[in-house]
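Note sheet for the following structure.
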């Protein structure tokens with residue numbers, strides 16, 4: 001019982017609600033809006049790729065000194081003989097959907113912090129940034145047995161409730177957790193494509209375990225009318241097993257014993273190829289919009305890694 005309590009209180013193993021709330025103080029150095037500082041990773045040709053808020057037509061009126069001539073309505077101007085411009089107002093908000101993977105494969109780390117904690121903390125950091133930008137933030141939380149959906153809201157009280165639900169989902173994970181078909185990665189992506197309305201920004205935080213080519217195709221289709229940002233969370237042990245006399249690996253159902261150097265090399269080659277394939281698929285997906293693939297690890301530096309990936313300024 002005492003050991004279980006220590007695990008629950010260890011912020012490396014389980015995320016803490018208070019910590020998710022405190023992350024609102026770290027949102028000043030990056031933004032999901034297109035107005036980014038020059039010299040960042042998303043500046044230059046990437047500057048306007050996040051759509052930000054759209055424009056609504058407000059009125060047609062006479063040209064006034066200082067109006068942008070690009071907004072001239074030439075048909076009305078020619079018909080009336082007087083210059084007219086089309087006036088627009090910026091949309092008040094947009095929907096940002098945080099898709100947070102909290103399935104059993106993320107309850108893992110060989111270094112410092114569980115992948116599930118990385119996903120939860122980056123989700124909280126992103127949510128506070130979205131709220132600061134006066135946009136609506138929603139959550140899709142993939143749990144081992146089901147998927148939770150919380151519609152986008154622009155409200156601090158709603159966000160606090162969502163973060164509490166996220167912390168609860170994270171703390172319910174354990175070594176016995178097993179994923180069901182109703183919460184497979186394909187089901188998760190299918191759910192995302194159903195609830196994301198046109199013009200939304202979708203941020204997927206996952207280790208992408210179980211991702212198929214068809215899932216990436218769905219996300220590519222979603223990109224046609226939405227912004228999709230993918231974040232890959234991985235652990236170094238998923239890329240290479242350190243040299244030792246033998247390894248015994250299991251997933252709770254099957255067990256594999258690797259005791260020969262030749263088998264270890266073969267296992268490492270397979271791990272590396274699998275991880276590189278996953279990365280290359282996501283890089284191609286992001287390349288369609290000119291956005292970077294953001295990669296995070298379990299070293300405990302995930303907040304800074306994410307901020308740098310988003311072009312944070314110092």
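Residue numbers (full-length UniProt numbering): 1 to 314.
We put the CB at the ideal spot given by N, CA and C, even for glycine.
Residue 231 is bridged by DSSP to 205, 294. One thing to note: residue 99 has its Cβ no nearer than 8 Å to the Cβ of residue 27.
When C-alpha distances from residue 67 are compared across 74, 77, 86, the shortest belongs to 86.
When secondary structure is reduced to three states using DSSP, residue 69 falls in the helix class.
By the neighbour-count criterion, in which 16 or more other beta carbons inside 10 Å mark a residue as buried, residue 121 falls on the buried side. Where residue 130 is concerned, the enclosing alpha helix (DSSP H) starts and stops at 115–132. Burial state of residue 175 is exposed, judged by a 10 Å Cβ sphere holding fewer than 16 other Cβ atoms.
Note: residue 150 is bridge-paired with 139 in the DSSP secondary-structure output. Partner residues in the beta bridge of residue 100, as assigned by DSSP, are 141, 205. The C-beta distance from residue 170 to residue 102 rounds to 6 Å, short enough to meet the 8 Å contact threshold. DSSP places residue 16 outside any alpha helix (DSSP H), giving it a letter other than H or E.
Contact between the segment 283–298 and the segment 221–240 is present, with at least three C-beta pairs closer than 8 Å. Looking at the DSSP output, residue 95 bridges to 136. For residue 304, the three-state secondary structure derived from DSSP is helix. If you draw a straight line from the Cα of residue 11 to the Cα of residue 112, it is about 10 Å long.
When the beta-carbon positions are compared, residue 135 and residue 192 stay at least 8 Å from each other.
Within the same chain, and ignoring the five residues on either side of residue 143 in sequence, the residues whose Cβ sits closer than 8 Å to its Cβ are 102, 103, 169, 172, 183. Going by C-alpha positions, residue 152 is about 21 Å away from residue 218. The C-alpha of residue 148 lies about 50 Å from the C-alpha of residue 74. Within the model, the alpha-carbon separation for residue 108 versus residue 278 is close to 18 Å. For the 8 Å CB-CB criterion, residue 119 and residue 205 form a contact. Less than 8 Å divides the Cβ of residue 238 from the Cβ of residue 275.
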